[in-house]
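S.K.: Residues 31 to 287, numbered by my numbering, are exactly what the sequence shown covers, in order.
Even for Gly, the Cβ is constructed at its ideal location relative to N, Cα and C.
Keep in mind the model is a prediction, meaning the values are calculated, not measured.
Below are the structure tokens for one structure; questions will follow.
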Amino acid sequence: MKPEKNAVALILGGSSGMGLETAKRLRAQGLNIVLVARDRAKLQQAKASLAESGIGRVETLAADLTEEAQIEGLIATLDAEPRHIAYLVNAAGTFKPLPFLEHAKADYDAYADLNRGLFFLTQAVTRNMKRHGGGAIVNIGSMWAKQAIKATPSSAYSMAKAGLHSLTQHLAMELAEHGIRVNAVSPAVVVTPIYGSFIEPDKIEETLAGFDGFHPLGRVGRAEDIASVAAFLLSEQAAWVTGAVWDADGGVMAGRN
């Protein structure tokens with residue numbers, strides 16, 4: 031599938047981290063970008079950071095992807111424009127390690143509600159892709175969905191990400207006949223703002239450096255590392271790849287130091 035000139039790349043969770051870095055790569059290819067996130071101020075900052083990275087248009091839409099009414103409103107907004115959403119990146123996420131016995135309903139719902147939002151937004155986008163002849167989707171999953179790490183107890187988070195991995199494979203099978211490819215990236219520890227839920231923002235870099243040795247390649251990941259893989263999986267270079275859950279983890283799933 032080679033999208034037309036006015037094709038759009040929709041990035042859910044596009045105001046920072048892996049989503050924003052992926053947006054930069056796609057914009058550099060001349061694609062029009064639509065960033066979706068909850069925080070309007072961060073969206074504007076993200077839009078400004080994209081200003082010099084390409085020639086495509088950049089649009090921002092503010093929405094809380096855990097709120098059903100806002101999901102419905104976002105779908106209506108996307109459907110109102112006669113555009114081809116040729117690419118979708120599901121990069122929205124939240125992460126807060128918590129022992130299983132300490133989880134409250136709200137802790138669980140933070141992940142489950144987000145997955146519900148991603149599910150129905152993806153459904154709406156794939157209908158658009160089907161109408162326009164195809165597309166490509168990348169879901170940002172997690173190594174935690176494959177391997178439990180005692181130092182970061184993350185049962186509800188991992189349950190949600192494992193669901194996203196499974197969704198990737200099911201959609202790859204169901205949507206292939208419509209020219210839609212669906213893949214996922216499974217990162218290990220990556221320096222992104224998502225850790226700000228339990229680490230002081232100015233301490234994230236320093237704190238995560240303690241996990242360098244956890245990875246066989248000797249360092250934690252960067253948002254750019256994941257964005258490079260995501261952009262490849264969206265591209266025509268990966269035209270024969272679908273249903274893959276691609277480890278981009280510094281070698282963690284191969285074996286740890």
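#1: Do F150 and Y225 have their beta-carbon atoms positioned less than 8 Å apart in this structure?
#2: Look up L359 in the DSSP assignment and say whether it is helix, strand or coil.
#3: If you compare alpha carbons, which of V155, Q75, E97 is closest to D109?
#4: Name the residue from G171, A67, G165 whose alpha carbon lies nearest to the alpha carbon of W270.
#5: May I have a chain-ordered list of the alpha helix (DSSP H) segments no shorter than 4 residues that lie completely inside the segment 78-111?
#6: Nearest by alpha-carbon distance to W276: which of V259, E266, N287, G285 is it?
#7: What did DSSP end up calling P217 once you bin it into helix, strand or coil?
#8: Just to confirm my understanding: we take A142, look at its own chain, exclude 5 residues before and 5 after, and list those with CB closer than 8 Å. What are they?
#9: According to the Cβ coordinates, are V250 and V282 closer than 8 Å?
#10: Are S265 and P217 close, meaning C-beta to C-beta below 8 Å?
#11: Have a look at the DSSP bridge pairing and note the partners of S258.
#12: Whole angstroms is fine: what's the gap from T198's alpha carbon to A253's?
#13: Please go through the same chain and pick out, in chain order, the residues whose beta-carbon is closer than 6 Å to the beta-carbon of A268, but skip the five residues on each side of it.
#14: Just to confirm, is the Cβ distance from L42 to L148 under 8 Å?
#15: According to DSSP, I170 sits in a beta bridge with which residue or residues?
#16: Classify A121: buried if its beta carbon has 16 or more other beta carbons within 10 angstroms, exposed otherwise.
#17: Using only the alpha-carbon positions, how far apart do L247 and R161 sit?
M.R.: Taking the geometry as given:
#1: no
#2: The structure shown does not extend to residue 359, since the chain is modelled only from 31 through 287, so no value can be given for it.
#3: V155
#4: G165
#5: Uninterrupted alpha helix (DSSP H) stretches at least 4 residues long and entirely within the segment 78-111 occur at 98-110, given in chain order.
#6: V259
#7: strand
#8: A186, A190
#9: Not a contact, by the Cβ cut-off of 8 Å.
#10: no
#11: Its beta-bridge partners do not exist; DSSP assigns none.
#12: Approximately 21 Å, taken between the alpha carbons.
#13: Taking C-beta separations shorter than 6 Å and ignoring five residues to either side along the sequence, the partners of A268 in its chain run F262, following chain order.
#14: yes
#15: V215
#16: With 16 or more Cβ atoms within 10 Å of its Cβ, A121 is classed as buried.
#17: 43 Å
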